[in-house]
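Going left to right, the sequence shown walks through residues 40 to 203 as the working numbering numbers them.
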Amino acid sequence: MSELGSTLDREFDEQAEPETDFMRRGVVKWLIRVVSGLYAIAFIVPVVRFLRSGSAEEGGEKVTQISLKAALTLKPGEFQMFKFGSKPAIVIRQGPDDFKAYLATCTHLGCTVNYNPGLRRITCACHGGQYDPDTGKNIAGPPPAPLAPLKTEVSSDGDFIVKA
Ligand code: FES
């Protein structure tokens, strides 16, 4: 009786193992697909954001200039982040009448850059990209191109204008 029982147990185990193995493979395949999907999303989202970063639109309309009077209160060496339409932008006061402005979208994968007065560089915290604040030129790290420049001027009525 016990010999028959152990034989039945063995047969039962042999039949059950392939099913368990099949289920394990299914779970592993499912996990691989989920992780692959997450990696694909993590790659595609910044690329799409970067590709869409070329235009500064707000409410579907392209923005070509804005008023930024607060920039006139900056001291030389100071900077201000602002929105140019829907895009982040940065203006740096280099001297009494010397302003530099750029779209603040990193040309690597689209992170927002910032100014580091100590380094005198525009920097990107995402992957260590650096830009020359005088020209916007990419000078270190992975960014493949300069920052998009913006024009600045003080209007006759004393307003500070930033233009595309
Ligand atoms: S997104 Fe700026 S260095 Fe990568």
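Glycine is no exception: its CB is placed at the ideal position from the N, C-alpha and C atoms.
- Note on geometry: alpha-carbon atoms of alanine 81 and proline 183 lie some 20 angstroms from one another.
- Secondary structure note for lysine 122: its beta strand (DSSP E) is the uninterrupted segment 118 to 123.
- Within its own chain, the residues whose Cβ lies closer than 7 angstroms to the Cβ of aspartate 198, once the five positions on either side in sequence are excluded, are Ser106, Lys108, listed in chain order.
- Sorting Arg63, Glu117, Ser195 by C-alpha distance to the C-alpha of glycine 157 places Glu117 at the top.
- With the rule of 3 Cβ pairs closer than 8 angstroms, the segment 157 to 169 counts as touching the segment 138 to 147.
- Here DSSP, grouped into helix, strand and coil, assigns lysine 126 to strand.
- As DSSP reads the structure, valine 201 sits in a beta bridge with Ile105, Thr191.
- In this structure, the straight-line span from the alpha carbon of valine 201 to that of tyrosine 78 is close to 38 angstroms.
- If you ignore the 5 residues before and after proline 185, its C-beta comes within less than 6 angstroms of the C-beta of Gly175, Lys176, Asn177, all in its own chain and listed in chain order.
- Counting only residues of its own chain and dropping the five nearest sequence neighbours on each side, valine 152 has a CB closer than 6 angstroms to the CB of Ala143, Cys145, Ile161, Cys163.
- Taking C-beta separations shorter than 7 angstroms and ignoring five residues to either side along the sequence, the partners of alanine 187 in its chain run Tyr141, Leu142, following chain order.
- At a Cβ-Cβ threshold of 8 angstroms, threonine 191 and valine 102 do not count as neighbours.
- Rounded to the nearest angstrom, the Cβ distance from lysine 126 to glutamine 133 is 22 angstroms, too far for a contact under 8 angstroms.
- Taking 7 angstroms as the cut-off, the C-beta of leucine 148 counts as close to a heavy atom of the ligand FES.
- Annotation for leucine 113: Gln119, Arg132 place their beta carbon closer than 7 angstroms to its own, counting only its chain and skipping 5 residues before and after.
- Taking proline 115 as the centre and dropping the five residues before and after it, the same chain places the C-beta of Arg132, Gly134 closer than 6 angstroms to its C-beta, in chain order.
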